[in-house]
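Accompanying notes for the structure given below.
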Amino acid sequence: AMMKAGLLSHMDQLLGEYFSAKDSRITVEALSEIARIAGESGAKSLFLYTTAQAQIIADGEVTQPRSFHVLQEASKRSDALLINTVPLLQAHPERMQLYYPLDGHWTATGHRVISGILTDTIIKEELLINTGI
-13 AMMKAGLLSH
-3 MDQLLGEYFS
7 AKDSRITVEA
17 LSEIARIAGE
27 SGAKSLFLYT
37 TAQAQIIADG
47 EVTQPRSFHV
57 LQEASKRSDA
67 LLINTVPLLQ
77 AHPERMQLYY
87 PLDGHWTATG
97 HRVISGILTD
107 TIIKEELLIN
117 TGI
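Per our numbering, residue -13 is the first one in the sequence shown, and the count goes up by one each step.
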């Protein structure tokens, strides 16, 4: 339905992707600095990328939004772990139940799936080991 309405061709508008190159640089620098400060405390930074409902429920391949590339650059610069939830959510058998259709916020199912992705990554990457807790 979104494709027929021509909404997917305006994905940038739907995802708030209108920001300048300067905004992108500031964001990369800020995230890199946060990761650096965390690293000084012995913590590994983890960036979790997710996106709006339109990209998850769309059939077929969708162009990666600019915001992903900003987060990817910050991850590379800071050696932070980046979790791209988009392909995981697109492939999830309950993908049509992850968001409320009217406002695009996560449903209880969406929160459960995202928390599972985050938990699995924390365990797999052994981020809880040697934390001093």
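Beta carbons are placed, not taken as given, at the ideal position from N, Cα and C, and that holds for glycine.
Using the C-alpha atoms, what's the distance from residue j back to residue i?
i, j, result
"TRP92", "SER27", "32 Å"
"PHE54", "ILE43", "17 Å"
"ALA7", "LEU17", "15 Å"
"ILE23", "GLY90", "33 Å"
"LEU114", "ALA77", "28 Å"
"LEU32", "GLU19", "13 Å"
"ARG98", "GLU111", "20 Å"
When the Cα of residue i is compared with those of the options, which residue comes out closest?
i, options, result
"LYS30", "ALA21, ARG63, ILE69", "ALA21"
"VAL14", "VAL48, GLN39, ALA66", "ALA66"
"LEU75", "TYR35, ILE23, ALA24, LEU88", "TYR35"
"ILE100", "ASN70, ILE23, ARG63", "ASN70"
Buried or exposed, going by whether 16 or more other CB atoms sit within 10 Å of the CB of residue i?
i, result
"TYR85", "buried"
"PRO73", "exposed"
"ILE12", "exposed"
"GLY46", "exposed"
"PRO51", "buried"
"GLY96", "buried"
"THR37", "buried"
Determine contact between the segment 81 to 96 and the segment 59 to 68, defined as no fewer than three beta-carbon pairs at a distance below 8 Å. no
List in chain order: all unbroken beta strand (DSSP E) runs of 3+ residues lying wholly within the segment 62 to 103. Counting whole runs of 3 or more residues, the segment 62 to 103 contains the beta strand (DSSP E) stretches 67 to 70.
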